[in-house]
Amino acid sequence: MDVNDKNKTESLPLARLRPPALVRLTDQSVAMSVVARLVASGTANTRPALVKATGLARSTVSSCVSLLQARGLVVSHAAQAALGRGRPAETLAINPDAGTILVFDLTPHHVRVALTRMDQQLLANRRAHFVLDAGPEATLAFAISQARTILDELGPDGAAVRAVVTSVPGPVDTKRGMPVRPPIMPGWDRYPIADTLQREFGCPCLVDNDVNLIALGEASVLPADQCPMLVVKVGTGIGGGLITAEGSLHHGADGAACDIGHLPVRSNAEMICSCGNINCIEALASAEAITRRFREATGNPELTQSDLRAAARVGDPLAIRVIRDAAAVLGEIVAALVHVYNPARIVITGPLTAVTDDLLAGVRSVAYQRALPLATRNLTLAHSEIGEMAGVVGAVVLGIEAILAPASFSANRPGEVGAANFQ
Numbered sequence: 303m304d305v306n307d308k309n310k311t312e313s314l315p316l317a318r319l320r321p322p323a324l325v326r327l328t329d330q331s332v333a334m335s336v337v338a339r340l341v342a343s344g345t346a347n348t349r350p351a352l353v354k355a356t357g358l359a360r361s362t363v364s365s366c367v368s369l370l371q372a373r374g375l376v377v378s379h380a381a382q383a384a385l386g387r388g389r390p391a392e393t394l395a396i397n398p399d400a401g402t403i404l405v406f407d408l409t410p411h412h413v414r415v416a417l418t419r420m421d422q423q424l425l426a427n428r429r430a431h432f433v434l435d436a437g438p439e440a441t442l443a444f445a446i447s448q449a450r451t452i453l454d455e456l457g458p459d460g461a462a463v464r465a466v467v468t469s470v471p472g473p474v475d476t477k478r479g480m481p482v483r484p485p486i487m488p489g490w491d492r493y494p495i496a497d498t499l500q501r502e503f504g505c506p507c508l509v510d511n512d513v514n515l516i517a518l519g520e521a522s523v524l525p526a527d528q529c530p531m532l533v534v535k536v537g538t539g540i541g542g543g544l545i546t547a548e549g550s551l552h553h554g555a556d557g558a559a560c561d562i563g564h565l566p567v568r569s570n571a572e573m574i575c576s577c578g579n580i581n582c583i584e585a586l587a588s589a590e591a592i593t594r595r596f597r598e599a600t601g602n603p604e605l606t607q608s609d610l611r612a613a614a615r616v617g618d619p620l621a622i623r624v625i626r627d628a629a630a631v632l633g634e635i636v637a638a639l640v641h642v643y644n645p646a647r648i649v650i651t652g653p654l655t656a657v658t659d660d661l662l663a664g665v666r667s668v669a670y671q672r673a674l675p676l677a678t679r680n681l682t683l684a685h686s687e688i689g690e691m692a693g694v695v696g697a698v699v700l701g702i703e704a705i706l707a708p709a710s711f712s713a714n715r716p717g718e719v720g721a722a723n724f725q
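Quick note on this note's numbering: the sequence shown kicks off at 303 and runs consecutively.
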């Protein structure tokens, strides 16, 4: 087991939090959640601005703010200079020390553990070699031990964990917090990841597909007009994540939306996919499939994905050739998805994109050629803006939204105002 014990505390790009949908605010927990998320997103950070944004009475907004302050979630800063008569309005913000968000990023060969404050400041980032084939019990035990070490090292400076978010490279039942027949995660089918971590940390625990969280991270640091957005990750498998025009993740009815790795493609070869079907795009254009072609082209059966990336980095002709061939196949699928989703932006990401532009260039060439002009005239097809930390950024956004969700405020505490006092 190769463990990198060094904590990295580089900065994360500040993600834009989405303001909440404004609904009928007669329920106290909903009203508190809406006020908290308006403050967190920066949409409204004074009491007058909150009154205007919500339509609630000033007394109701003041009650919500007071309750949020009592819980330590909201803090006030120095008063703004008054533009006219009357008392200047204080500025409200989410308390950065109100708790931490713990992120587990599980990949086929590594486990990343990251910890951030409520203001998204990265406190720790540890990545260690560990294979998912070891099974869920061993993998989660390892991830938990890494998290406990980080929390112990931070000591009093590390606030209590208020949400845990886990990403996995496979289909996820997000409501139950468990993978469902993940092709490249043997032994993980229906394992209760969320329940296991909730027992360990005693807070809300969410589980989602890795590419979904990458997509959420990308969308949160780009302008809102870049949505709808489609993210395609080319790794050991191929996955997709879709962000709607409103900036939300599209999971579909059962959490299986955008599982594009198992779309069939035309090919003279008959390659068996990890899912058991023939000629899925994953079997022909994933990093593992490209590496297999590279082995065949070189006659060296010992070559790995790392060897492929190293060869591509120095412009090896055989490596570039097999990458371009795979890009042409992937481009066909991307062109079809352009017509289905009509995204404003498509992001191609994965380890190969960090070492060569040939994958993106090949996909872009075929997609623009095959898709019709109306769907591509304003389309941007690009690399990730964040890189390998995109999934962590998306997970932090998901964690903050869970902490500020109505369910977190549903149980009244002694002295808190009941729903009857809201209007």
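All C-beta atoms, glycine included, are put in the ideal place defined by N, C-alpha and C.
Note that the structure is a prediction, hence the values are computed from the model and not measured.
Span separating the alpha-carbon of Q448 from that of P485: 26 Å
Rounded separation between Q330 and I705 - CA only: 16 Å
Start and end residues, alpha helix (DSSP H) containing L586: I583 to A587
Candidates D660, G633, T600 and Y643, of which the one nearest A614 by Cα: D660
Burial state of A323, where buried means 16 or more other Cβ atoms lie within 10 Å: exposed
Secondary structure of I688, DSSP reduced to three states: coil
Residue range of the unbroken beta strand (DSSP E) whose run includes L425: L424 to H431
Status (buried if at least 16 other CB within 10 Å, exposed otherwise) for S608: exposed
Contacting residues, own chain, Cβ-Cβ under 6 Å from H411 (five flanking each side not counted): V433
K477, buried or exposed, once every other Cβ within 10 Å from all chains shown has been counted against 16: exposed
Whole-angstrom distance between V567 and C575, CA atom to CA atom: 12 Å
Same chain only: Cβ atoms within 7 Å of L518, ignoring 5 sequence neighbours per side: I545, L551, G696, V699 and L700
Beta-bridge partners of L532, as assigned by DSSP: L544 and I648
H641 - containing alpha helix (DSSP H), residue span: P619 to Y643
Residue environment, H431, which counts as buried when at least 16 other CB atoms sit within 10 Å: exposed
Where the alpha helix (DSSP H) containing I562 begins and where it ends: No alpha helix (DSSP H) contains I562, which DSSP labels as neither H nor E.
Own chain, CB closer than 6 Å to A629, minus 5 neighbours either side, in chain order: L661, G664 and V665
Anticipated Cβ contact below 8 Å, E520 with E687, distance rounded: 6 Å
Pair within 8 Å by beta-carbon distance, A342 and I635: no
Burial state of I580, where buried means 16 or more other Cβ atoms lie within 10 Å: exposed
At least 3 beta-carbon pairs within less than 8 Å: the stretch 527–541 vs the stretch 585–605: yes
Alpha-carbon to alpha-carbon, T655 and D618: 15 Å
Exposure label - T409; buried when at least 16 CB within 10 Å: buried
Member of P473, D399 and R679 whose CA lies at the smallest distance from the CA of P458: D399
7 Å CB neighbourhood of C366 in its chain, flanking five on each side removed: A333, M334 and V337
Range covered by the beta strand (DSSP E) that runs through E392: E392 to I396
Nearest-angstrom Cβ-Cβ length linking C404 and V463, presumed shorter than 8 Å: In the sequence on display, residue 404 carries Leu and not Cys. About 5 Å; that satisfies the 8 Å criterion.
D510 beta carbon less than 8 Å from that of G541: no
Cross-strand partners of M480 (DSSP beta bridge): D475
Nearest neighbour of G489, chosen from M480, A496 and D497 [CA to CA]: M480
Residue burial classification, S368 (beta-carbon count within 10 angstroms, cutoff 16): exposed
C-alpha distance - H564 paired with G472, whole-angstrom precision: 11 Å
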